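In the working numbering, the protein residues as written are 16 to 468.
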Amino acid sequence: MNDRHSTKPSPSTTDPVGPNRIARVDAPEIGITCEIEKHLVGLLEKCDYPIEIRYHHKRSRTIAMRRGELSDLSSRLYAGVGIRVIVNGRRGFAATSDLTAIGLEQALRQALELARAAGRHGSKELRLAGKDRLARGTFTLPGFHELNALPLEQKYDLVRTGEERLRNESRSIESASCQYSEIFEEKLILTDDGAHARIQLVRPELRMGAFAGRDGQLKTGRDAIGATGDWQCLFRNRDVNECIRRSVQTAVDLLDAPEAEGGRAKVVLSPAMVGLLSHEAIGHTVEADFVSAGSVAAGKLGQMVASPLVTLADSGHSEFYEGAGGMLPVDDEGVYTERTVIIEQGRLVSYLHNRESAAQFEVAATGNARAWEYDDEPLIRMRNTYIEPGTSTLDDMIAGIDEGFFIDGPEGGQADATGEFMFGASRVRRIKNGKVGPMVQKMTVLGNAFAVL
Numbered sequence: 016m017n018d019r020h021s022t023k024p025s026p027s028t029t030d031p032v033g034p035n036r037i038a039r040v041d042a043p044e045i046g047i048t049c050e051i052e053k054h055l056v057g058l059l060e061k062c063d064y065p066i067e068i069r070y071h072h073k074r075s076r077t078i079a080m081r082r083g084e085l086s087d088l089s090s091r092l093y094a095g096v097g098i099r100v101i102v103n104g105r106r107g108f109a110a111t112s113d114l115t116a117i118g119l120e121q122a123l124r125q126a127l128e129l130a131r132a133a134g135r136h137g138s139k140e141l142r143l144a145g146k147d148r149l150a151r152g153t154f155t156l157p158g159f160h161e162l163n164a165l166p167l168e169q170k171y172d173l174v175r176t177g178e179e180r181l182r183n184e185s186r187s188i189e190s191a192s193c194q195y196s197e198i199f200e201e202k203l204i205l206t207d208d209g210a211h212a213r214i215q216l217v218r219p220e221l222r223m224g225a226f227a228g229r230d231g232q233l234k235t236g237r238d239a240i241g242a243t244g245d246w247q248c249l250f251r252n253r254d255v256n257e258c259i260r261r262s263v264q265t266a267v268d269l270l271d272a273p274e275a276e277g278g279r280a281k282v283v284l285s286p287a288m289v290g291l292l293s294h295e296a297i298g299h300t301v302e303a304d305f306v307s308a309g310s311v312a313a314g315k316l317g318q319m320v321a322s323p324l325v326t327l328a329d330s331g332h333s334e335f336y337e338g339a340g341g342m343l344p345v346d347d348e349g350v351y352t353e354r355t356v357i358i359e360q361g362r363l364v365s366y367l368h369n370r371e372s373a374a375q376f377e378v379a380a381t382g383n384a385r386a387w388e389y390d391d392e393p394l395i396r397m398r399n400t401y402i403e404p405g406t407s408t409l410d411d412m413i414a415g416i417d418e419g420f421f422i423d424g425p426e427g428g429q430a431d432a433t434g435e436f437m438f439g440a441s442r443v444r445r446i447k448n449g450k451v452g453p454m455v456q457k458m459t460v461l462g463n464a465f466a467v468l
């Protein structure tokens with residue numbers, strides 16, 4: 016019942032691809048038809064139990080160049096319906112890509128059977144909060160229609176010229192890569208207790224990599240930008256020229272950069288590193304399902320867990336600039352998303368909740384139910400998680416450090432339920448006597464997130 020719909024032609028089997036010609040890869044048009052909506056509403060009306068129906072149409076496209084050649088030109092469509100029901104306090108979930116009335120009714124029967132089976136096996140009875148915050152209407156985020164109408168050739172030209180310029184920016188650059196991707200999503204969420212929300216959004220992303228070589232060593236510089244919106248929104252903070260410069264300069268500078276000494280150090284984290292820390296090392300520990308499982312944040316509501324200078328929030332909106340990557344007007348249970356303050360002036364004041372955990376904790380649902388695709392059950396996950404800006408400037412923060420590092424260029428890592436983290440950083444510069452100095456080699460940063468705060 017969970018058939019995947021995708022198209023991924025190999026560049027070698029499509030029409031010739033070159034600077035002035037590109038093989039077109041078209042996915043079906045996005046759109047919830049009246050027939051699909053009619054089937055879903057009919058299914059809702061037939062069910063005698065609490066029910067949640069989520070139609071999810073997700074179309075992605077990738078265009079990539081590497082070493083002057085097209086390495087990826089693909090499009091993928093994944094669409095279907097996820098159904099959750101509650102029978103005697105137990106939940107069942109089923110999904111299908113068969114959008115006919117017969118296919119949907121079969122999925123509903125399967126969900127009901129699973130809910131009844133859960134009751135026979137003694138699973139925990141559940142309740143739902145958030146009925147007063149269920150959304151109704153159409154929520155189309157800016158850029159959805161504009162980016163969908165942008166010619167594929169224009170997107171290809173961005174990648175082709177970007178990769179070519181990366182290779183030609185410096186004699187030290189031996190190869191380069193450039194990738195553009197976009198994800199269009201449309202959802203229709205219906206619940207028996209009032210939600211009827213249609214959501215449309217698009218998330219474009221551009222990634223660049225430059226590879227510099229000398230005397231047998233190879234160094235990499237990368238940059239990436241992303242947004243929820245159209246191209247103007249994608250390039251709101253830095254344009255293609257700046258992405259190229261950052262990628263190439265990092266790779267070239269690393270050829271001569273010394274290794275940094277290990278040990279404890281004072282550091283200033285870039286906004287990108289702060290975002291990684293906020294999301295991975297702090298945000299997951301305050302998701303209510305992790306809290307119930309015993310994360311470090313459990314039992315600490317009302318306690319001071321950070322400096323009074325720190326206010327940390329999670330939001331489905333974009334309060335500080337246009338088109339933040341995690342924007343979401345309505346979550347995957349049909350609940351409005353709003354700004355949720357997690358830490359206020361150092362004090363832990365809230366966890367992140369879906370409807371079930373909100374009822375369990377006897378608080379309001381925060382709109383944090385997220386499902387990656389239609390056949391995934393919604394989990395409690397973040398939207399845009401950030402530390403609110405303070406009053407100190409970057410120069411002020413750097414000026415107060417005699418010996419330390421300015422750390423940028425997050426390269427992933429890991430964190431656990433205790434708040435312990437380990438992140439890589441590729442763009443690290445030494446701070447000495449309040450001044451930013453030369454670059455050092457890539458660094459791994461370790462610590463405890465709440466201790467850092």
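Glycine included, each C-beta is placed from N, C-alpha and C at the ideal position.
Since we're looking at a predicted model, the values are computed, not measured.
- Per the Cβ contact rule, the segment 122-136 is not in contact with the segment 317-332 (fewer than 3 Cβ pairs under 8 Å).
- With contacts defined by Cβ atoms closer than 8 Å, Pro393 and Ala384 form a contacting pair.
- The alpha-carbon separation between Trp246 and Met223 amounts to approximately 16 Å.
- Exposed is the label assigned to Gln456, since fewer than 16 other Cβ atoms lie within 10 Å of its Cβ.
- Counting only runs of 4 or more residues that sit fully inside the segment 333-405, the alpha helix (DSSP H) segments are 370-376, in chain order.
- Secondary structure in the segment 214-258: the beta strand (DSSP E) runs of 3 residues or longer, each lying completely within the stretch, are 232-241 in chain order.
- Between Gly338 and Ala242, the gap from beta carbon to beta carbon is short of 8 Å.
- Going by DSSP, Pro453 is part of the beta strand (DSSP E) stretching over Lys450 to Val455.
- Per DSSP, reduced to three states, the secondary structure at Gln429 is strand.
- Straight across, the Cα-Cα distance linking Cys49 with Arg213 is about 12 Å.
- One alpha carbon belongs to Gly452, the other to Arg445, and they sit about 5 Å apart.
- The Cβ-Cβ distance between Lys281 and Gly419 falls below 8 Å.
- Cβ contact annotation for Asp254 (same chain, cutoff 7 Å, sequence separation greater than five): none.
- At a Cβ-Cβ threshold of 8 Å, Val320 and Ala313 do not count as neighbours.
- The bridge partners DSSP lists for Gly439 are Thr459.
- Around the Cβ of Ala414, a 10 Å sphere holds fewer than 16 other Cβ atoms; the residue is exposed.
- Inclusion of Ala144 and Gly107 in the CB contact set at 8 Å is not warranted, their separation being larger than that value.
- In the DSSP assignment, Lys146 falls outside any beta strand (DSSP E) and carries neither an H nor an E.
- Separation of Ala109 and Ala466 (C-alpha to C-alpha, rounded to the nearest whole angstrom) is 42 Å.
- Proximity of the segment 160-178 to the segment 192-206 meets the contact definition, three or more beta-carbon pairs being nearer than 8 Å.
- Around the beta carbon of Glu302, 16 or more other beta carbons lie within 10 angstroms, which makes this residue buried.
- According to the DSSP assignment, Cys62 belongs to no beta strand (DSSP E), since it is labelled neither H nor E.
- Cα atoms of Glu274 and Ile98: separation of roughly 54 Å, rounded to the nearest angstrom.
- By the criterion of a C-beta distance shorter than 7 Å, His368 is surrounded in its chain by Ala303, Phe376, Val378, Ala380, Thr381, Asn383 and Ile395, once the five residues flanking it on both sides are discounted.
- Less than 8 Å divides the Cβ of Asp207 from the Cβ of Ile66.
- Closest in alpha carbon position to Cys62, among Glu184, Ile78, Leu205 and Ala94, is Leu205.
- Secondary structure note for Gly134: its alpha helix (DSSP H) is the uninterrupted segment Ala116 to Arg135.
- Taken through DSSP and simplified to helix, strand or coil, Asp411 comes out as helix.
- Boundaries of the beta strand (DSSP E) around Leu284: Lys281 to Leu284.
- With fewer than three CB-CB distances shorter than 8 Å, the segment 260-279 does not count as touching the segment 287-298.
- Around Phe250, the same chain offers Ile240 as residues with beta carbons nearer than 8 Å, after the five sequence neighbours per side are excluded.
- For Thr176, the enclosing alpha helix (DSSP H) starts and ends at Leu167 to Asn183.
- Within the same chain, Leu205 come within 8 Å of Val56 by CB-CB distance, once the 5 residues on both sides are set aside.
- The three-state secondary structure of Val100, taken from DSSP, is strand.
- Among the bridge pairs identified by DSSP, Arg444 is matched with Phe421 and Met454.
- The beta carbon of Leu292 sits closer than 8 Å to those of Leu284, Phe436, Phe438, Ala464 and Val467, all from its chain and outside the five residues before and after it, given in chain order.
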